[in-house]
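Protein chains: 2
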Amino acid sequence: MENFSEWYSEILEKAEIYDVRYPIKGCGVYLPYGFKIRRYTFDILRRLLEEKGHEEVLFPLLIPEDLLAKEGEHIKGFENEVFWVTHGGKKPLEIKLALRPTSETPIYYMMKLWIKVHKDLPIKIFQIVNTFRYETKHTRPLIRLREIMTFKEAHTAHTTMEEAENQVKEAIEIYREFFNELGIPVIVSRRPEWDKFPGAEYTVAFDTVFPDGRVIQIGTVHNLGQNFSRTFDLEFETLEGGKDYVYQTCYGISDRAIASIIAIHGDEKGLILPPNVAPIQVIIIPLLFKGKKEIVYDKTRKLYSLLKEAGVRVKIDDRDIRPGRKFNDWELRGVPVRIEVGPKDIENKVVTIYRRDTGEKYHVGEDKIMDEILDLLEKIKDNMRKKAKEKIERYITIVDYNADIPIEEIACRVKETLKEKKGIVLIPYSEKVYREDFEEKIEASILGITEYRGEKYITVGRTY
Amino acid sequence: MENFSEWYSEILEKAEIYDVRYPIKGCGVYLPYGFKIRRYTFDILRRLLEEKGHEEVLFPLLIPEDLLAKEGEHIKGFENEVFWVTHGGKKPLEIKLALRPTSETPIYYMMKLWIKVHKDLPIKIFQIVNTFRYETKHTRPLIRLREIMTFKEAHTAHTTMEEAENQVKEAIEIYREFFNELGIPVIVSRRPEWDKFPGAEYTVAFDTVFPDGRVIQIGTVHNLGQNFSRTFDLEFETLEGGKDYVYQTCYGISDRAIASIIAIHGDEKGLILPPNVAPIQVIIIPLLFKGKKEIVYDKTRKLYSLLKEAGVRVKIDDRDIRPGRKFNDWELRGVPVRIEVGPKDIENKVVTIYRRDTGEKYHVGEDKIMDEILDLLEKIKDNMRKKAKEKIERYITIVDYNADIPIEEIACRVKETLKEKKGIVLIPYSEKVYREDFEEKIEASILGITEYRGEKYITVGRTY
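As C-alpha cells, then:
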C-alpha cells in the first residue's frame, strides 16, 4: 500500500472498527465489528494466561496522589502524563486522584495486605482495563491513545529472584504464543537501560514493523526485582523463618495488538483477519436467479446450519443488493472465507469457495464442504503467519562492520540503511555502539539487544 | 441470619469476592473468585442481549463538560455526583472532563453521526463498563460504590414511539429472564414521576428484598421518548420522506446483580451459588486413609476427567489438611456440589454426594455419577429459585383499606406494617395515596406501581 497512514484511517472507518470522531483527542469508540475482534483477540490472551495459572482480577481506576508518587522512579516516568481528578460534584477533593496510567502502585498496595509468608506466594494476577495517558505527541487510533481502552496488565510476586527470572521467561513464551496465534511476527529485544520501564530492573519488549517500515512496540515484560517491594514493604516470612522482600514482574499488552492485526495482514482491498479472531469466519452469499431462488435459499440454509453446528462463525448475506457489492463488503471486512451458492453449482453438486488471504477461488464437492472449511481455516491461519513473516524479513537488515571502523562511520552506514530499507537494522553487538548518544547519530531509536539466528545484535529503527 | 450487614461484609472477605481495603471510599478490588462470579453472571446477560440483536461496543470514559450538560434535566440529576478531571500532567485542561456517571450523552453524540435515514434504525447497542458517582451517602461494597465497576448499559434508537414501547417490553423480558437464571425474585414497578431517570419519559425498575428486609433496586429500564433525541438533534428521514427525531430507550444493570446473588441465596455457612455462575460447580474431596491413598487418588482423577469432559467446572481439593476444613472452605464459597471419595465407597462402587443448597448427603452408584451430577446441577438451580421466591413472598404484605378511610390512617397502617414485616408493602392503587408527600408520612419510599396477581398496587418499602 502506498500511503499506510491513510489506508489505516480509512479501514478503521470503512470496516467499522473504531470511530475516531469522539470529541476528545485520543479517545474513540469501539464499534460492534471492532469490538468483536477485540474480544476474540483478548480471549486468546486470557486463555494463555489462565493456562499458566494467572487469575483475573479488577482494580479501581482511581489512584490517590500519594500512592502513585510512592515509588520515585515510577512517578518521574509518568507525572507529565497523568490525568487528575480534583473535584467531586462541586467540591474540591481532599486528595487528588489519578486516572491509572498503569496499576503497579494500587496493586502492590493491596499485595501488602495479602502477603505474609512464603506460602502466600507466588501471586500471578492480571486485569484487562482502560488506562490513561495525557499524550502530548500526535495521537493515532489504537496506536497512541489518551484513553488506552484495552490494557492487559499482569503482575506477579515471588520468593526469589530466580523465580522472577523464570516468570519473565514464561511471560515471554506466553506473548510469543499470543502473537504467533495472531500471525504477527515479532522481534524481542532487551531494552537499553535508558529506555526501561520506570522502576524496573530491566525490560524485554516485543516489536513488529508496520507496512510503512516503522517499528512499533506491541508488548513489554518487566523484571521489577525488589524495587517496588521495598517501597511498598512487601516483606514475607521465608521458608527458613527469615524475612525478605518479594521479587516482582509485570507485563502488558494493549490495543496495539488490534492495530497490528489490521496493519500487518491488510491489503489494498481491506482487512484480512486471522480466522481465530474474525467475527465472521465464513460468509455465505446466495446467487439468486429467477425461478431458482428457492433451491438456492434452501441450499444456503443447509450449509449455514451445517457450519454453525460445527462451531464455525458463519453468516448469510441475503441483502437485496448485487453480489459484487457483497463480495467487496466482506473482503473489506477481512472475512477469511466466502462461499457462493448458485443454481449451476447446485446442479453440479459443488460449492464455490473464495479465500481472502490468497484470492483463490475453487470448487469443492458439497459432501466434502465441512472438512474443507475446517481445514481451510487452519490453512489460512498458517499462510497468513508465513506471509507476514516474509514481509517482516524484508524489513530486517544486518549492517556489519570491522572492529576498527570509527563509530561515526558505523552510524552513517546505519542511518543510510534505515533511510533506504526502513524497518529494523541489526548491528553486531559492541559496547561502543550500544550507547544512548548513538541514537542521535542515526536519528532513530536503539530498541535494545536481541538474538538473531544465534548471534547477538543491537536492534535499531524508527519507532511509532 | 441475625445481622445481615455484618454477615455480608464477612462473606465478601472470607469467600474472597471483593476486597474493601482500597484507600479510596467506595472503591474496592474484585478478587479472582469474585471476578469469576462476575464474569459468568454478565456472560448470561451478554448472551440474552445478543440473542435479541444487541451489539456490544465500547465508549470512552471521559465526557467533555459541555456535552454532559447538554440535556438540562439529565445534568441536574447528576451534577452533584460527578467526578471531574481538570488537569493533564501539570497543566489545567481547557475543558473539564467528567468521569461518566452513565453514557447517554457520549453515546447520543455519536448516534448523531450514525443516523441519517430510517434504514439506519433501529440501533441496539450495549457496553459493560465502569462508571462513577461521587456518593455522599454511606457507601457499601457492590451496593453503593463510587466506582461502579460493572455497569451494563444498553441504548436503543427507533423510528416510532410504538417501537420504543416494544423495546421497553423486550428489555423487561430480558431482565426477567436474567434474574430468573440467577434465581433472584423481583418486583417490577413503574417508578413515580418524581423518581424517574433524569431525562426519561418514564422508568420501570426491578427491585428485590435483601435478608434485612430492605428493598434494593437491581435494574432499570427507561423510555426516553424524544427528550434526548431533540437535544442531540437525532433527526432521520422517515420512510415517507419526512423528518422525525428518533425514539430512544436505555436500560442498565450493575454490580448489584452480584450483591444480590450473595445476599439472596447465602446462609449462616456462607455463600450458596447458582450452578450457572459458580466458578467451581463440583468440588471433589479425596478421603485418604493409610494404605488406600493410591486407589482413592486414582478414583478422584477418573471422576475429575469424566466431569471435566462433560463441561462441568470441577476441581480436586488435594491440600494436606483435614477433610472437615475442606468441607467448610467450599461450603463457605458456595460450591453447589461436593463429591467425597473414600476407600469404603470405592469398595461399594458408590460415591458420596453433598448438596450445598439443602445440606443433603447421599450415595450414588459410580456408573450413574455423570447423569446424576448434570441432573443435580439443574435441580439445585431450580430449588434455589423456588426457595428465594418463598423468602421474598414472606416480605410482601398487602395493606388494604376502605375508600373512605383518611389518608393519615392509611399511612399509619403502612408505617406499622413496614416496621413489623419490613420488605415491600402493597397498597391497592388510588390517586390520593400515590403522591410524593405520602413518602414522608410512611418514612419509606414509594417504589411505584406494579401488577400483583392481576391487581394494580402501589409498592412501598425502605430502600438501600
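For the record, the sequence lines run as chains A and B. Throughout, my numbering is defined as the position within the first sequence, counted from one, plus 7. Throughout, my numbering is defined as the position within the second sequence, counted from one, plus 7. Ideal Cβ positions, reconstructed from N, Cα and C, are used throughout, including at glycine. As the structure is a computational prediction, the values presented were derived from the model and not from experiment.
Cβ pair residue i, residue j closer than 7 angstroms
i        : j        : result
LEU104/B : LEU128/B : no
GLY455/B : PRO199/B : yes
VAL432/A : THR404/A : yes
SER110/B : PHE66/B  : yes
ALA418/B : LYS448/B : yes
LYS119/A : HIS61/A  : no
LYS333/B : ILE292/B : yes
PHE11/B  : PRO218/B : yes
ARG197/A : VAL211/A : yes
GLY248/B : GLU78/B  : no
ASN173/A : GLU154/A : no
PHE185/A : VAL193/A : no
VAL222/B : ILE179/B : no
ILE453/B : GLU446/B : yes
SER261/A : PHE139/A : no
ILE360/B : TYR369/B : yes
MET489/A : GLU275/A : The requested residue 489/A is not part of the displayed model; chain A covers only 8 to 471.
GLY372/B : GLY220/B : no
ILE376/A : VAL358/A : yes
PRO108/B : PHE133/B : no
Cβ-Cβ separation, residue j to residue i (assumed contact under 8 angstroms), whole Å
i        : j        : result
THR163/B : THR238/B : Contact doesn't hold; Cβ gap of about 17 angstroms is too wide.
ALA22/A  : LEU278/A : 5 angstroms
ALA161/B : TYR258/B : 5 angstroms
LYS59/A  : ILE225/A : About 20 angstroms separates the two Cβ atoms, so there is no contact after all.
VAL303/B : LEU294/B : 7 angstroms
THR146/B : GLY33/B  : 4 angstroms
TYR252/A : SER267/A : Rounded, the Cβ-Cβ distance is 36 angstroms, inconsistent with contact.
LEU38/B  : VAL64/A  : 6 angstroms
TYR40/B  : ARG340/B : 7 angstroms
Sequence-distant residues of its chain with Cβ nearer than 7 angstroms to residue i (five each side left out)
i        : result
TYR29/B  : GLY35 and VAL36
ILE271/B : ILE191, THR215 and ALA395
ILE265/B : ILE44, ARG45, THR48 and LEU149
TYR436/A : ILE456, LYS463, TYR464 and ILE465
VAL421/A : VAL406, VAL432, ILE434, ILE449 and VAL467
GLU188/A : ILE51 and ASN283
LYS83/B  : PRO205
Residue i beta carbon near the ligand HEM (any heavy atom closer than 6 angstroms)
i        : result
HIS229/B : Questions concerning the ligand HEM fall outside what the structure shown contains, since it holds no ligand whatsoever.
Residues near residue i in its chain [Cβ-Cβ closer than 6 angstroms; skip 5 each side]
i        : result
ILE122/A : LEU241 and PHE243
LEU246/B : HIS125
MET168/B : TYR254
ALA296/A : The identity of residue 296/A in the sequence shown is Phe, whereas the question assumes Ala. Hits under 6 angstroms: PRO350.
TYR408/A : ILE417
ASN390/A : ASP364
Residues of its chain near residue i, where Cβ-Cβ distance is below 8 angstroms and the 5 sequence neighbours each way are ignored
i        : result
VAL27/B  : SER16, LEU19, GLU20, GLY35 and PRO148
PRO532/A : The displayed coordinates of chain A run from 8 to 471. Any statement about residue 532/A would go beyond what the structure contains.
ILE102/A : PRO71, GLU72 and ASP73
TYR471/A : ARG147, ILE150, ARG151, PHE217, ARG221, VAL222, ILE223 and GLN224
GLU443/A : PRO199, TRP201 and ILE453
Members of the region 8–36 of chain B that neighbour chain A once the beta carbon cut-off is set at 8 angstroms = ASP26, ARG28, TYR29, PRO30, ILE31, CYS34, GLY35 and VAL36
ask   = Quick one, which residues of the region 72–95 of chain B are near chain A if we go by CB-CB under 8 angstroms, in chain order?
value = LEU74, GLU86, ASN87, GLU88, VAL89, PHE90, TRP91, VAL92, THR93, HIS94 and GLY95
ask   = What residues from the region 39–67 of chain A come within 8 angstroms of chain B, judged by C-beta to C-beta, listed N to C?
value = PRO39, PHE42, LYS43, ARG45, ARG46, GLU62, GLU63, VAL64, LEU65, PHE66 and PRO67
query = When the Cβ atoms of the region 377–391 of chain B are set against those of the region 306–323 of chain B, are three or more pairs found closer than 8 angstroms?
reply = yes
ask   = When Cβ atoms are compared, which residues of the region 141–160 of chain A fall closer than 7 angstroms to chain B?
value = TYR141, GLU154 and MET156
task = Examine the Cβ distances between the region 283–290 of chain A and the region 342–349 of chain A and report whether three or more of them are shorter than 8 angstroms.
result = yes
ask   = Taking any Cβ of chain B, which residues in the region 110–130 of chain A have a Cβ under 8 angstroms from it, in chain order?
value = PRO113, TYR116, MET117 and LEU120
request  = Mind checking the region 298–311 of chain B against chain A and listing, in chain order, the residues whose C-beta falls within less than 8 angstroms of any C-beta there?
outcome  = none
task = Report yes or no: do the region 294–308 of chain A and the region 364–371 of chain A share at least 3 C-beta pairs separated by less than 8 angstroms?
result = no
ask   = Are the region 71–91 of chain B and the region 87–98 of chain A touching by the rule of at least three beta carbon pairs closer than 8 angstroms?
value = yes
query = Quick one, which residues of the region 223–252 of chain B are near chain A if we go by CB-CB under 7 angstroms, in chain order?
reply = none
query = Going along the chain, which residues of the region 369–386 of chain B sit with their C-beta nearer than 8 angstroms to a C-beta in chain A?
reply = none
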